[in-house]
Amino acid sequence: MNLRRVWLIARREFWFNLRQRTFLASMFLLPFVFIGLFLLAGALGRSAATDISAYQAVGLVDESGVVVRPDGRPYLDEIAEPFRLYASEVEAQRAFEAGEIDGYYVLRASFLRTLKPETYYRRDKIFGEALTNHLLREVLKPSVAAQVGEPELAKRLEDPLGELTLYRIGNPQPMPPEALLAALFAPILVSSLVFIMTLNIAQYLALGLADEKENRLMELLITSVRPIEILWGKLIGLGALGLLQMLVWLVMGIAFAATQGTDVLGTLATYQLDIGFLLIVICYALLGYTLYGALVAAIGASVNTDKEARQVVSIIVLIGALPMMFLVFFLFDPNSSFVLILSLLPFTSPGGMPLRMAVADVPLEQVGLGIGLEIVTIVGVMWLGAKIFRLGMLNYGKPLSLGEIWRALREGRQQIVAAPQREEAI
């Protein structure tokens, strides 16, 4: 393999696609879309968690003795709005039917055991989490605290755990509670970004191959360059383009965090993310890109139109997305046989192994086995891809059949001469 020719092809792929308007738009505009969605989701989430302005009046019936004394008087001098106490469920139901309240809660006698109030409401005014939290925070907890009498003990009952201090095993420095979420979502975030990058670059690779094949440019190129050199050149050039895209996104993300008053480096330091773990995630990301790229190039070379190329990319994307589709299995049973298989299979391990490592202690031999299988598969796919690539580039006008691919693999180097196309009578 001639490294100089590989470098020339890689450089051409990099600069040619960098000047494409669609790529520039995805590199610079897509982060703004993500940031906008992030801000919108945050605003909607905060509103949903605290906003109870839609409720004018809500009834409360206490059969458990948590809010009301045995003589019928409440423990609190004043019940927080929008709640109204009713002596019985019959009275609350009558007020509900008369339109005086939007619905009502019932605390059954078993409430202290179940901690689940019964709710009755209209279909157009569901009692959401914000209202239930408001009931717990402003009525139930203060009522229990009022029965204790001691201010300090009452305060402790309202917040029994207080501020928790977390420590990572082997590290004496405390870590914030959100570091647990960071340790879980870091591989998900990295895998998602790499997945988006791979999808984006794979589209350029598949569409570029289809275009070069349709324009007969590849027939000229393949006479002076080996297929494996073309394959590596395209993968390296487009891979560098993807890394540039990731770098731009990272810089824009840090800049956005800085505008929100976040000390990025200080925050990362308190999260105590394992550098070895991040390196393994990056290693799997690079191996995954190489494998998916080789698959796209090999299969994409056997098609002739942009539509067929997009279908190829969609199949590769579906395979790579399997770990994310079964995320619940990774979170709740990371050591099951099913999750183990997804974390070791070469076509799913780039996303599967980092997810599993985020929630479980994975033996190093399994990590090494996964990386080894990934490398062996890449070598095999590159060898097979070069064969299919050569056949596909020379077989203009119709897609390759499985029989032609098998014959080429069995007989070795084989050239397919494009059959002349009939011109339709005008």
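Residue numbers (my numbering): 948 to 1373. Glycine is no exception: its CB is placed at the ideal position from the N, C-alpha and C atoms.
> When the Cα of L1194 is compared with those of E960, Q967, M974 and L1274, which residue comes out closest?
Replying inline: M974
> Are A1333 and L1225 closer than 8 angstroms when you measure CB to CB?
Replying inline: no
>> Between L1289, S1283, N1282 and S1261, which has its C-alpha nearest P1270's C-alpha?
In response: The residue with the shortest Cα to Cα distance from P1270 is L1289.
> Where do the N-terminal and C-terminal ends of the alpha helix (DSSP H) with T1170 fall, by residue?
Replying inline: Element bounds for T1170: n/a, residue is neither H nor E.
> Does DSSP put V1015 in a helix, a strand or coil?
Replying inline: The answer is strand: DSSP assigns V1015 an E or B state.
> Beta-carbon separation of R959 and E1176 under 8 angstroms?
Replying inline: no
> Between the beta-carbon of R1173 and the beta-carbon of M1329, is there less than 8 angstroms?
Replying inline: no
> Which whole-angstrom value is the C-beta distance of V1005 and L1113, which I expect to be below 8 angstroms?
Replying inline: That belief does not hold up - the Cβ atoms of V1005 and L1113 are roughly 37 angstroms apart, past 8 angstroms.
> Can you tell me the Cα-Cα spacing of F970 and T1237, whole angstroms?
Replying inline: Roughly 20 angstroms separates the two Cα atoms.
> Is the CB-CB distance between L1152 and L1185 below 8 angstroms?
Replying inline: yes
> At which residue ranges does the stretch 1278–1340 contain complete beta strand (DSSP E) runs of 3 or more residues, listed in the order of the chain?
Replying inline: none
> To which residues of the same chain is A1456 closer than 8 angstroms at the C-beta, ignoring the five residues directly before and after it?
Replying inline: Outside the modelled stretch of the chain, which goes from 948 to 1373, sits residue 1456, for which no answer is possible.
>> On the criterion of 16 or more Cβ atoms from any shown chain inside 10 Å, does T1170 qualify as buried, or is it exposed?
In response: exposed
>> Using C-beta distances below 8 angstroms, list every residue in its chain close to S1090, excluding the 5 sequence neighbours before and after it, in chain order.
In response: Same-chain partners within the cutoff: V1013, V1014, P1021, Y1022 and L1023.
> Going by the beta-carbon positions, is the gap between Y1033 and A1042 smaller than 8 angstroms?
Replying inline: yes
>> Can you find the residues in the same chain that come closer than 6 angstroms, C-beta to C-beta, to R1360, ignoring five residues on each side of it along the sequence?
In response: Residue confidence is low: R1360 scores 49 on pLDDT, short of 50, so the model does not pin down where it sits. No coordinate-derived value is stated.
> How long is the line joining the alpha carbons of F1074 and F1279, rounded to whole angstroms?
Replying inline: 29 angstroms
>> Please classify S1296 as buried or exposed, where buried requires at least 16 neighbouring CB atoms within 10 angstroms.
In response: buried
> Near A1027, which residues of its chain fall below 7 angstroms by C-beta distance, leaving aside the five closest residues on each side in sequence?
Replying inline: E1085 and V1086
> Just reading off the alpha helix (DSSP H) that T969 is part of, what are its end residues?
Replying inline: R968 to F975
>> Please tell me whether F1277 and I982 are closer than 8 angstroms, where the distance is taken between their beta carbons.
In response: no
>> Measuring straight from C-alpha to C-alpha, what distance separates I956 and P1119?
In response: 51 angstroms
> Thinking C-alpha only, which one of T1066, S1057 and I999 is nearest G1050?
Replying inline: Nearest C-alpha to G1050: T1066.
> In terms of DSSP beta bridges, what is T1066 paired with?
Replying inline: Y1052
> Between which two residues does the alpha helix (DSSP H) containing F1203 stretch?
Replying inline: P1174 to T1206
>> I want to see whether chain D comes within less than 8 angstroms of S1284, judged by CB atoms only; does it?
In response: Given the protein chain composition of this structure (a single chain), no chain D is represented.
> Near F1058, what residues of its chain come up, given a Cβ to Cβ distance below 8 angstroms and the 5 sequence neighbours on each side ignored?
Replying inline: E1010, S1011, V1013 and P1064
> My guess is that A1149 and V1243 are in contact by the Cβ rule of under 8 angstroms, so how many angstroms apart are they, rounded?
Replying inline: 4 angstroms
> In three-state terms, what does DSSP make of Y1378?
Replying inline: This structure cannot settle anything about residue 1378, because the visible part of the chain is limited to 948 through 1373.
> Hey, quick one: how far does the alpha helix (DSSP H) through L1078 stretch, first residue to last?
Replying inline: E1076 to L1082
> CA-CA distance, R1016 and A1268?
Replying inline: 57 angstroms
> Are the CB atoms of L1188 and L965 nearer to each other than 8 angstroms?
Replying inline: yes
>> My assumption, with CB atoms under 8 angstroms, is that L1320 sits in contact with P1293. Please give the rounded CB distance.
In response: 5 angstroms
> Can you tell which of N1147, V1323, I1322 and N1282 has its C-alpha closest to the C-alpha of P1310?
Replying inline: N1282
> Roughly how far, in whole angstroms, is the beta-carbon of C1230 from the beta-carbon of I1318, given that I think they are within contact range, below 8 angstroms?
Replying inline: 7 angstroms
>> Using only the alpha-carbon positions, how far apart do G1046 and L1082 sit?
In response: So the alpha carbons of these two residues sit roughly 21 angstroms apart.
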